[in-house]
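**Q**
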Amino acid sequence: MCEIGVQHTMNTQSVIIKSATLLLCSLPLHAHAQYIGPAASSAGVENTPVVPTTDPNILHPTTHDFLLAQGDLLSVRVFAVPDFNQSVRVMPDGSLTLPLIGTVHIGGLNIQQAEQLIAKKLIDDGMVRDPQVSISVIEAPNLITTVTGEVHMPGLVPVIGQRTLADVLAASGGINPIGSHVVTIIRPGVEGAITVDLGSDPSHSARADIPIFAGDHIIVARTGVIYTFGAFHLQSAFPLSNSTPLTLLQACALAGGVPFEAQRNGTRIIRTVGNQRTQIKVDLGKVISGKVPDPVLQPDDIVFIPTNAMRAAIRAGGLSTVLTALYAVQLAP
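Everything in the sequence shown is counted per my numbering, starting at 6 for the first residue and increasing by one.
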């Protein structure tokens with residue numbers, strides 16, 4: 006009986022060792038293969054570099070007229086005409102109501118143009134032969150610029166005196182971590198948008214010194230991001246560069262790497278094209294070993310790696326847990 010028991014125990018141990026060996030052999034091994042480069046994007050679209058505005062006449066205009074608008078409080082005077090000394094506010098339709106000549110529309114004009122228009126009206130109506138009109142601004146609630154997009158405090162920023170792009174962005178709390186460093190400025194009177202690439206190099210900080218004027222609309226777009234989800238050391242969102250593509254392996258590195266329990270051959274890239282969400286199957290193990298190209302990710306891609314239950318159990322309890330489980334199976338009737 007003792008010999009039979011010993012033989013049974015030896016057979017059981019042999020089965021356990023063989024099972025453990027097969028389990029360990031099934032685990033992926035690190036391969037040192039030559040990198041064969043990133044795969045082309047499945048949609049054929051990469052992050053297209055933005056061409057910044059370089060015209061100095063646009064970025065640093067020598068003059069920029071203040072344009073009159075709704076709400077401005079003006080002092081309007083005519084030399085040698087005592088009765089023509091008025092403080093009047095611009096109406097919502099851009100008009101003023103003045104003595105002798107009635108309603109004059111000056112919205113959208115600069116101060117010199119408004120003075121010439123009122124003088125012409127006085128002459129045409131036969132009120133003053135050679136009027137010398139003077140306009141000064143008492144109150145200007147429109148001396149503001151609008152900042153929208155990925156800044157900490159979007160909204161209206163007063164533009165009093167000389168202000169630069171850096172000043173206005175600082176007044177808005179700065180750019181968010183997912184905000185693009187390529188800033189768009191919509192300026193009245195300038196055809197098209199002004200594009201400024203602030204970059205991340207402090208030596209290029211002069212790019213933020215361009216002047217900002219009242220009426221400018223500054224837009225900080227959201228840079229493209231990708232998301233890591235599932236069996237990653239770090240599940241998070243990572244911004245894309247405007248000029249350099251991001252590949253799957255680079256995303257894994259940003260996420261702190263892939264843990265032991267990750268099921269590499271079950272990797273999915275979840276991509277939304279229009280209203281359709283698709284899944285792209287990728288074998289991360291083959292990408293790491295260089296057997297297949299490294300896919301280029303696109304904005305809003307979600308990289309998902311599932312967890313292998315057996316490897317998770319090994320990680321949680323160690324190899325002894327698996328051996329104990331196998332031994333228990335062998336002893337079961």
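A virtual CB, placed ideally from N, CA and C, is assigned to each residue, including glycine.
Are Leu-251 and Glu-144 close, meaning C-beta to C-beta below 7 angstroms?
**A** no
**Q** Do the CB positions of Val-109 and Ile-128 come within less than 7 angstroms of each other?
**A** no
**Q** Strictly by DSSP, which residues pair up with Lys-125?
**A** Paired residues: none, contrary to the question.
**Q** When the Cα of Val-156 is compared with those of Ile-223, Gln-255, Gly-179, which residue comes out closest?
**A** Closest by alpha carbon: Gly-179.
**Q** Would DSSP call Gly-131 helix, strand or coil?
**A** The answer is coil: DSSP assigns Gly-131 none of H, G, I, E or B.
**Q** Would you call the region 90-106 and the region 150-166 in contact, with 3 or more CB pairs under 8 angstroms?
**A** Proximity of the region 90-106 to the region 150-166 falls short of the contact definition, fewer than three beta-carbon pairs being nearer than 8 angstroms.
**Q** If you check the beta carbons only, do Arg-4 and Gly-295 fall under 7 angstroms apart?
**A** With the chain running from 6 to 338 in the structure shown, residue 4 is simply not present.
**Q** Val-225 and Thr-58 look like a contact to me (Cβ under 8 angstroms); what is the Cβ gap, rounded to whole Å?
**A** Wrong, their Cβ atoms sit about 16 angstroms apart, outside the cutoff.
**Q** Going along the chain, which residues of its own chain have a beta-carbon closer than 6 angstroms to the beta-carbon of Leu-170, five neighbours each way excluded?
**A** Ala-213, Ile-215, Ile-217
**Q** Taking 7 angstroms as the threshold (C-beta atoms), are Ile-183 and Asp-306 in contact?
**A** no
**Q** Please tell me whether Leu-253 and Asp-299 are closer than 7 angstroms, where the distance is taken between their beta carbons.
**A** Closer than 7 angstroms, so yes.
**Q** For Ile-190, which residues from the same chain have a beta carbon less than 6 angstroms from its beta carbon, with the 5 sequence-adjacent residues on both sides left out?
**A** Contacts found: Ile-199, Asp-221, Ile-223.
**Q** Please classify Ser-241: does DSSP put it in a helix, a strand, or coil?
**A** Coil, per DSSP.
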